[in-house]
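See below for the structure under consideration.
2 protein chains.
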Amino acid sequence: MVSVAKGIENETLMRPTQVIAQVLGDSSRLSWGVASCNSPLAAMSGPNIAAELARYLPATAVAASGDAAFARRVQSVFSTQWFRVYTNADVIGVELAGAMKNVIAIAAGIIDGLAAGNNAKSALVTRGLVEITRLGVAMGAQAETFKGLAGLGDLITTCVSPEGRNRMVGERIGKGRKLGDVLETMDSVAEGVPTTRSVRELARRHNVEMPITEAVYAVLFEDRDVLAALSDLMTRDPKSEIQ
Amino acid sequence: MVSVAKGIENETLMRPTQVIAQVLGDSSRLSWGVASCNSPLAAMSGPNIAAELARYLPATAVAASGDAAFARRVQSVFSTQWFRVYTNADVIGVELAGAMKNVIAIAAGIIDGLAAGNNAKSALVTRGLVEITRLGVAMGAQAETFKGLAGLGDLITTCVSPEGRNRMVGERIGKGRKLGDVLETMDSVAEGVPTTRSVRELARRHNVEMPITEAVYAVLFEDRDVLAALSDLMTRDPKSEIQ
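Residue numbers (our numbering), protein chains in the order written: chain A, 115 to 357; chain B, 115 to 357.
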């Protein structure tokens, strides 16, 4: 079984392969997302805007499984001349990156809505990757995964592509609209909105500092003014870049 | 003295602060880019499109110096409400990242010229960061620097912003024009073109694999067909993402 879903359940804080394993009734897989021999489990993720895949434009993805042979099998089944699949053993990192990047995409959309420019947006993506990596590592993911296609690659596409739903929610909020109004007028799901709740909760549980996620949460759910939230991020104490 | 120049000299393969130190006549600084007490040297770099800075849009940068006190002084002099400066001790990494990212930006422009989409471009930026980090580390830089604002941050801006000169050169080549024609009609310098020669030479000297840089070199200087070069990149042997 190959999961291509992205998100973190609000109530249980479970990843998609954990949900699948639970539904399949094997609780031994819950904590590590690795399948048994008779039903191997993988997560596929990467910079994969569906509309581009449907036009056969070149793309890449990651097939992650704790079962290396199954990861290679998924790689071989999905690889084509225009679709390049890499294997990865880090199911936790691939799934967390795919979910958490949607929170950063909402922030990127807010930058777009404010017309704050590409300098600001690139800084946001860079610092966003730092904070989602920090939480991922605290939860058992490999930092390397966040530098790869399912991390950085997917993050860039989601923050840059005009058609991204999460970025679009952010853009409308950046232009001054309220979350309820924005969601009412959309005919598809912006999974980054509920994911923001899950990521903030995980950050608190793991005691990880995530200033961008906190700012997105405050704007979405606490009616924080977007300009004030951006200004907070820009005027934190000056720091060394590397902690 | 604060260097804001980006590039690698073709003949000497020196970084800007090395050139400055040489011109100032202190050969002891050549190999490590750190200044003596009476003339400290720093390199500033980051996602800083000039047109956006001139409009006071929010931006971030890195002030790098082997002299930590001087780095903090540069940070404090340049920091404003809308311009956030981080310090970094890795002058080599900050300068190499700022130069090498222009080669990847040409490749990103080629993707744009081919209308190959954001999935492909995000993958290119992700794999591009991997290969410039690899060369940087082989030359004594810190891998962390490449994950930061002067690395990833600047790379994203340069690959995404329509006004980027290096990206624009790539876009025109991706649309089928020849390098000579493209450069003739530009009224500003696309430093990524000569930098491609320097980076390829450095990759050979340090025995580092840089498939994207090699592809850009082949397209720019060996008349390699752009579609063939892209296809080469997409059909390399399937791999694990993390080496």
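Cβ atoms here follow ideal geometry from the backbone N, Cα and C, with glycine treated the same way.
Put simply, the backbone Cα of F260 of chain B is about 14 Å away from that of T271 of chain B. Runs of alpha helix (DSSP H) with 4 or more residues, each lying fully within the segment 208-274 of chain B, are found at 232-252, 257-261 and 268-274, listed in chain order.
With a cut-off of 8 Å on Cβ pairs, the segment 188-199 of chain B is in contact with the segment 167-177 of chain B, counting three or more such pairs.
Taken in chain order, the complete alpha helix (DSSP H) segments of 4 residues or longer contained in the segment 141-202 of chain A are 164-168 and 182-192. The beta carbon of F335 of chain A lies closer than 8 Å to those of L293, T310 and R311 in the same chain, with the five residues before and after it left out.
Judged by beta-carbon spacing, V330 of chain A lies beyond the 8 Å limit of A304 of chain A, meaning their Cβ atoms are not closer than that value. Chain-order list of chain B residues neighbouring Q195 of chain A: S345, M348 and T349, by C-beta distance under 8 Å.
With fewer than 16 other beta carbons inside 10 angstroms of its own, L297 of chain A counts as exposed. Within the segment 161-190 of chain B, the residues whose Cβ lies closer than 8 Å to any Cβ of chain A are, in chain order, P161, N162, I163, E166, L167, R169, L171, P172, A173, T174, V176, Q189 and S190.
Beta-bridge partners assigned by DSSP to V116 of chain B: B:A156.
Taking 8 Å as the cut-off, the Cβ atoms of P308 of chain A and N162 of chain A do not count as close.
A buried status is given to D226 of chain B, since no fewer than 16 other beta-carbon atoms sit within 10 Å of its beta-carbon. A distance below 8 Å between beta-carbons, with the five flanking residues on each side excluded, links E285 of chain A to the following residues of its chain, in chain order: G223, I224, D226 and G227.
Contact annotation for K261 of chain B against chain A: T240, L243, V244 and K261 [CB-CB distance below 8 Å, chain order].
Excluding residues up to 5 positions away in sequence, G212 and A213 lie with their Cβ nearer than 6 Å to the Cβ of K120 of chain A in the same chain. Think of a sphere of 8 Å around the beta carbon of E209 of chain B: no beta carbon from chain A falls inside it, the nearest being about 15 Å out. Per DSSP, the unbroken alpha helix (DSSP H) holding E285 of chain A starts and ends at R279 to G288. Per DSSP, the unbroken alpha helix (DSSP H) holding P130 of chain A starts and ends at P130 to L138.
Taking a C-beta distance under 8 Å as the contact criterion, T126 of chain A and L155 of chain A do not qualify as a contact pair. Across the segment 273-286 of chain B, CB contacts with chain A closer than 7 Å involve V274 and S275, in sequence order along the chain. Rounded to the nearest angstrom, the gap between the Cα atoms of V274 of chain B and G231 of chain B is 12 Å. What R198 of chain B touches in chain A, judged by beta-carbon distance under 7 Å, is M348, going in chain order. Burial is judged here by how many other beta carbons sit within 10 angstroms of a residue's own beta carbon; L210 of chain A has at least 16 and is buried. Residues of chain A whose Cβ lies closer than 7 Å to the Cβ of N216 of chain B do not exist; the shortest such Cβ separation is about 15 Å. Assignment of A304 of chain B by DSSP, reduced to helix, strand and coil, places it in the coil class.
By the CB criterion at 8 Å, L263 of chain A and E355 of chain B fall inside the cutoff. In the DSSP assignment, I122 of chain A falls outside any alpha helix (DSSP H), carrying neither H nor E.
The alpha-carbon separation between D346 of chain A and A182 of chain B amounts to approximately 26 Å. Within a 10 Å sphere around the beta-carbon of M324 of chain B sit 16 or more other beta-carbons, which makes this residue buried. Under the DSSP assignment, T349 of chain B falls outside any alpha helix (DSSP H); it carries neither an H nor an E label.
Residue environment for N321 of chain A: exposed (fewer than 16 other C-beta atoms within 10 angstroms of its C-beta).
Residue state for D337 of chain B is assigned as coil, using DSSP reduced to three classes. In the structure shown, E315 of chain A falls within a helical segment according to DSSP collapsed to helix, strand and coil.
S159 of chain A has a beta carbon lying at 8 Å or more from every beta carbon in chain B. The Cβ of I270 of chain B sits closer than 8 Å to at least one Cβ of chain A.
Rounded to whole angstroms, the separation of the alpha carbons of V191 of chain A and Y170 of chain A is 16 Å.
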